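What follows is a set of notes on a single structure, which appears directly below.
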Amino acid sequence: MQVAHLERAGQYLTVKDMQQVYLHPSTCLDHKPEWVLYQEFVLTSKNYIRTCIDIRPEWLIDVAPHYYDLTNYPPGDAKRALERIAAKKDRDASDRF
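Residues 1 to 97 in the numbering used here are what the sequence shown spells out, letter by letter.
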């Protein structure tokens, strides 16, 4: 799954490869979402991601929990954000019972 996270410094990092990337100028997004799922990685003078959609981080944990196993996840802003989401999800699940 090709996902990038907007870091505090203002650039995106691919979540598994930790490569610095930018939204391609041809993208149809009119804002810089915190999380994007992308189709293409385009290497020109910069590393661009193209054909992007805005996603919610909860979806990543729901759809692919084995892929987003935080015990084997590289450190960084994306890991901290996913840890917060996972903790909130656990709290919400325990509140239901």
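Glycine included, C-beta positions come from ideal geometry on N, C-alpha and C.
Owing to the predicted nature of the structure, the values given are computational and were not obtained by experimental measurement.
Tell me the DSSP bridge mates of residue i?
i	result
His5	Leu13 and Trp35
Gln19	Answer is none; Gln19 lacks a bridge partner.
Cys52	Tyr38
Could you confirm whether any beta carbon from chain B is found closer than 8 Å to the beta carbon of residue i?
i	result
Arg50	You won't find chain B in this structure, because it holds only one protein chain.
For residue i and residue j, I'd like the C-alpha separation in whole angstroms.
i	j	result
His5	Ala93	25 Å
Arg50	Tyr22	9 Å
Leu70	Ala78	10 Å
Arg84	Arg56	13 Å
Pro74	Leu82	11 Å
Gln19	Glu58	22 Å
Lys89	Ile61	9 Å
Asp30	Ala87	30 Å
Gly10	Ser26	19 Å
To which residues of the same chain is residue i closer than 6 Å at the C-beta, ignoring the five residues directly before and after it?
i	result
Val3	Val15 and Leu37
Ile53	Leu37
Excluding the five sequence neighbours on either side, which residues of its own chain have a C-beta within less than 7 Å of the C-beta of residue i, listed in chain order?
i	result
Arg8	Asp77
His24	Val42, Tyr48, Ile49 and Arg50
Is the number of C-beta pairs between the region 60-71 and the region 41-51 that are closer than 8 Å three or more?
no
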